[in-house]
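S.K.:
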Amino acid sequence: MKLYYTPGACSLSPHIVLLEAGLPFELEAVDLATKETEKGEDYYLINTKGAVPALQLDDGQVLTEGAVIIQYLADQVPEKGLIPAVGSMARYRVLEWLNFTAMDFQKNFLPVFRPDFAACRAAAVKLLERQCDYIDRQLVGKDWLIGETFTIADIYLYVITLWLSFAEIDISQWKLLSQWQKRVAARPMVQKALADEGLQ
Ligand SMILES: N[C@@H](CCC(=O)N[C@@H](CS)C(=O)NCC(=O)O)C(=O)O
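The working numbering numbers the first residue of the sequence shown as 1197 and each following residue consecutively.
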């Protein structure tokens, strides 16, 4: 498998999942400004949407959408427990977090990163702060988002919380959220992914 990624982007989430899953993979960086891969390919020919992540499977198919890619990867290694069994309530809790992260939390960073959305930055920062309140409350009595088990939901949300500093939001004001972020960061495979992407 090959993961198309950009250092520090949301593609860090499938990168961590690949390492946690122990699956063999290669990485190819994408320059999002030029839409060119590090091997000089036109990235639009790989993912017509032009966004990372994209996962090229061994049969040549390309899977996109980070929240779906990480479910696919976690399902390849059920013994690792990165996603609960199909049909279990715990699985729906993971899906609930993935949907929140992709549809609400990540999207509110658009005005932080995109100059053409900058007029909405202050409103977006307020929404992000309210969402941090929400996450912090959800972590009462829990080590991980769904309780006692570390899952792909923790990985994806962790990656997006790394962007809070770009919004000039200090995560330390949320005690449980910042403790949880440190707990995720302490995992050896998370450290490896950060190092591989030159983020430490
Ligand atoms: N819906 C996609 C969105 C991915 C996305 O927004 N990726 C960003 C990086 S975090 C990107 O590639 N942006 C550049 C672009 O869309 O042109 C997903 O969840 O995977």
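Yeah, the Cβ is synthetic: ideal placement off N, Cα and C, and Gly gets one too.
Are the CB atoms of glycine 1262 and proline 1249 within a distance shorter than 7 Å?
M.R.: A contact, by the Cβ cut-off of 7 Å.
S.K.: Curious, which full-length alpha helix (DSSP H) runs of at least 4 residues does the region 1268-1294 contain?
M.R.: For the region 1268-1294, not a single whole alpha helix (DSSP H) run of length 4 or above is found.
S.K.: State the start and end residues of the unbroken beta strand (DSSP E) segment that holds glutamate 1222.
M.R.: Per DSSP, glutamate 1222 belongs to the beta strand (DSSP E) from 1222-1227.
S.K.: Skipping 5 residues on each side, what residues in its chain have a beta carbon closer than 6 Å to that of phenylalanine 1313?
M.R.: For phenylalanine 1313, where only same-chain residues beyond five positions count, the Cβ hits under 6 Å are Leu1306, Pro1307.
S.K.: Classify glutamine 1257 as helix, strand or coil using the three-state DSSP reduction.
M.R.: Residue state, collapsed to three classes: coil.
S.K.: Relative to the C-alpha of leucine 1188, which residue among Ala1349, Ile1348, Leu1373 is closest?
M.R.: Residue 1188 lies beyond the residue range present for the chain, which begins at 1197 and ends at 1396; the question has no answer from this structure.
S.K.: Are at least three pairs of beta-carbons, each pair with one atom in the region 1277-1291 and one in the region 1327-1339, less than 8 Å apart?
M.R.: These segments do not touch.
S.K.: Can the beta-carbon of valine 1226 be found less than 7 Å from the beta-carbon of tyrosine 1239?
M.R.: Yes, they are a contact pair.
S.K.: For glycine 1262, which three-state DSSP category applies?
M.R.: Helix at glycine 1262.
S.K.: With a 10 Å radius around its C-beta and 16 neighbouring C-beta atoms as the bar for buried, classify glutamine 1178 as buried or exposed.
M.R.: Missing from the structure shown is residue 1178; the chain here goes from 1197 to 1396 and no further.
S.K.: Go ahead and label aspartate 1350 buried or exposed: buried means 16 or more other beta carbons lie within 10 angstroms of its beta carbon, across all protein chains shown.
M.R.: Result: buried.
S.K.: Would tyrosine 1201 pass as a contact of histidine 1211 if the rule is Cβ separation under 7 Å?
M.R.: Taking 7 Å as the Cβ cut-off, tyrosine 1201 and histidine 1211 qualify as a contacting pair.
S.K.: Determine, using beta carbons only, whether asparagine 1304 and leucine 1324 come nearer to each other than 7 Å.
M.R.: Contact flag set, yes.
S.K.: Quick check: valine 1355 and leucine 1214, are their CB atoms within less than 7 Å of each other?
M.R.: No. Outside cutoff.
S.K.: What are the residues that DSSP puts in a beta bridge with lysine 1198?
M.R.: DSSP output for lysine 1198 lists Glu1222, Gln1252 as bridge partner(s).
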